[in-house]
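The structure appears below as structure tokens.
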Amino acid sequence: MQKKLFVILGMAAVAMFLIMGCEGERGLQGEPGTTTCFGCHDNDNLEMIAIERQWQHSNHGIGATVFESGQSCSRCHTGQGFISVHTGDGDTIAVDEPSVIHCFVCHAPHDNGNFNLRVTGAVAFPMGGTFDGFGPASTCAACHQARQPNPPYSDADSLTIRSRRWGPHHSMQADVFLGTHAYVFPGVTLDSTSAHNQLAGEACVTCHMATPVGDIGGGHSMNVAFLEEGEETELTSACTVTGCHDGEVDFTFGYNGVQDSVEALLETLRGLLLEDSLITEDNLVKASSSSPLVVPMDVAGAIFNFLFFEDDRSLGVHNPDYYFSALNASIDFMNSRRMLAAH
Ligand code: HEC
Ligand code: HEC
Ligand code: HEC
Ligand code: HEC
Ligand code: HEC
């Protein structure tokens, strides 16, 4: 009973706030019809229901990694951590009762009276530089960005790695998309430009939030690959538009054999790293605080590049030529090192 009262009081308070907002200087931006409670909370607002169902099918909604809620993790894995970093004083926090990446993490409808995103504009990368110019995709890049490896690779001769989790973390999709932060071997130039970072104007959002297929693909599900009635399905509607892969019949993500080629390159590089006892079968670095891995910087770079492209998980799609140039350079380096050792 008391709980109900609190909810009603809470709603009244929000209502007061919004009404005052309407008349006050702050005003309410956004589209007409979404500025009152019932613009969004209408019984007939099927768009909201559809979006909610899509979101429930996203890994954001499922919250598979929500308990990664320590101070250095919560800003990407929990709702509270993200909001703390991206609004107000910007502190990273440890979160006790973590909430998943829900509507109010990316939007603040009750503050703004609309669905504007909390994060827009330039997003800084921990490894340097920024992600900017792709509209709503800045929100994605705020979390899907590489972590600075600790210790970072550098111009020094060698590196001492003390953790099996050394590397860019699993979240480097924005860096790969732009073509930045892979290790560059001396004398090598990487090809960072792709049709995707030139043409996909809203980056992640263009492809992953394309027109939804039911509630399992595209839209707020963010899924580009999903099971439709038990069958593996690819969301290619954003690929085959005019100016991109228009006119392609039976278009797949493996277009031009890109994904097969990338898979083969990743397997080759992995084999070379395994043979030299640099990584484990689980793709972790063979290092610990008690038994550190001390390697020439270029070897650290080859390990980094393997993890960087393996964990991106688009098998080349995010930036095909960047994948090819960096993986080939890494394989060439590991092979030449082997030839030298054999002499
Ligand atoms: C711009 C759109 C928008 C407006 C305007 C809006 N809301 Fe909401 N509200 C939302 C969304 C989105 C949710 C989350 C819905 C969901 O989980 O499906 C929500 C959820 C809620 C909830 C549930 C909170 C919870 O924790 O799940 C309450 C209560 C609520 N709104 C009250 C109000 C009241 C009162 C107003 C008017 C003063 C209002 N809202 C105006 C978008 C809006
Ligand atoms: C910069 C944002 C960011 C930070 C900080 C971060 N993560 Fe993540 N992490 C992600 C993203 C994004 C994914 C999901 C990537 C994907 O699905 O491809 C992820 C995935 C994971 C996974 C799942 C890996 C898998 O193979 O499924 C684990 C476990 C994880 N993170 C643990 C942690 C821990 C522990 C910390 C803190 C020490 C941390 N993360 C900090 C963004 C981050
Ligand atoms: C991970 C971040 C994220 C989460 C979580 C999220 N959204 Fe969104 N939402 C976006 C992005 C990005 C867009 C912009 C898409 C575009 O511009 O095409 C968007 C667009 C929208 C729009 C369309 C606004 C407009 O008219 O342009 C609505 C409505 C919306 N979201 C509601 C919701 C609701 C309701 C939830 C929770 C069930 C939710 N969102 C959860 C990122 C998110
Ligand atoms: C608050 C941080 C955050 C934001 C913002 C965010 N993500 Fe995520 N995303 C994650 C984490 C963490 C995971 C891993 C989810 C899990 O396993 O719990 C993930 C998972 C995903 C996955 C599923 C990966 C898989 O394992 O299949 C996709 C696709 C994705 N995100 C795309 C996006 C896109 C596109 C945007 C922008 C519209 C976005 N994300 C915004 C943190 C974020
Ligand atoms: C040109 C279209 C395109 C763009 C742009 C794009 N992606 Fe993807 N993404 C894909 C495809 C295709 C896959 C691979 C799906 C497969 O083979 O299963 C993928 C895979 C992923 C995955 C691995 C999990 C999954 O769903 O398979 C994540 C996470 C992800 N993308 C996030 C992002 C983020 C974040 C951005 C923006 C920085 C982005 N993507 C930009 C098309 C795109």
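Each residue of the sequence shown is one higher than the one before, starting from 169 at the first, in my numbering.
Glycine included, each C-beta is placed from N, C-alpha and C at the ideal position.
Leaving aside the five residues before and after residue i along the sequence, list all residues of the same chain whose C-beta is less than 7 Å from its C-beta, in chain order.
i: PRO488; result: SER362 and VAL426
i: SER326; result: VAL462, VAL463, PRO464 and MET465
i: HIS486; result: GLN341, VAL344, PHE345, HIS364 and ASP480
i: HIS209; result: none
i: CYS375; result: ALA368, VAL392 and ALA406
Leaving out the 5 sequence neighbours to the left and right, which residues in its chain are closer than 8 Å to residue i when beta-carbon positions are compared?
i: ALA262; result: SER237, GLY238, GLN239 and SER242
i: PHE272; result: GLY247, ILE251 and HIS278
i: LYS454; result: ARG332, SER445, LEU446, ILE447, THR448 and LEU461
i: GLY249; result: SER237, CYS241, SER242, ARG243, THR260, ILE261, VAL263 and PRO266
Just curious, the beta strand (DSSP E) that residue i is in, first and last residue?
i: LEU327; result: 326-329
i: ALA393; result: 393-396
i: LEU461; result: 461-464
Report all residues from its chain with a CB closer than 6 Å to the CB of residue i; omit the five preceding and five following residues, and keep chain order.
i: PRO266; result: VAL234, SER237 and THR246
i: SER252; result: ASP259 and ILE261
i: PHE293; result: GLN313
i: CYS372; result: ALA305 and CYS308
Give me the Cα-Cα distance between residue i and residue j, rounded to the nearest whole angstrom.
i: ALA406; j: ALA378; result: 6 Å
i: SER389; j: ILE447; result: 34 Å
i: ASP512; j: CYS308; result: Outside the shown range of the chain (169 to 511) lies residue 512, about which nothing can therefore be said.
i: SER482; j: ALA310; result: 19 Å
i: PHE501; j: PHE492; result: 14 Å
i: ASN503; j: ARG315; result: 28 Å
i: GLU402; j: ALA305; result: 21 Å
i: ARG330; j: ASP323; result: 19 Å
i: ILE275; j: VAL409; result: Here residue 275 turns out to be His, not Ile, going by the sequence shown. When rounded, the distance between both Cα atoms is 28 Å.
i: THR348; j: PHE302; result: 16 Å
i: GLU541; j: PHE394; result: Look at the range of the chain in this structure, 169 to 511, and you will see that residue 541 is not part of it.
i: PRO336; j: GLY296; result: 13 Å
Is it right to say residue i is buried, meaning 16 or more other beta carbons lie within 10 angstroms of its own, or is it exposed?
i: LEU367; result: exposed
i: ILE187; result: Below a pLDDT of 50, predicted positions are generally treated as unreliable, and ILE187, at 36, falls in that range; the measurement from the model is reported next regardless. It counts as exposed.
i: GLN222; result: buried
i: GLY355; result: exposed
i: GLU191; result: Legend: pLDDT at GLU191 = 29, less than 50; position of this residue unreliable, value from coordinates given subsequently. Exposed.
Along the alpha helix (DSSP H) that carries residue i, what are the first and last residues, could you check?
i: LEU214; result: 214-224
i: THR374; result: 371-376
i: THR436; result: 426-443
Task: Distance cut 6 Å, beta-carbon to ligand 2 heavy atom: residue list by chain order - done: THR233, GLU236, GLY238, SER240, CYS241, ARG243, CYS244, HIS245, CYS311, HIS312, GLN313, ARG315, HIS337, HIS338, SER339 and ARG481
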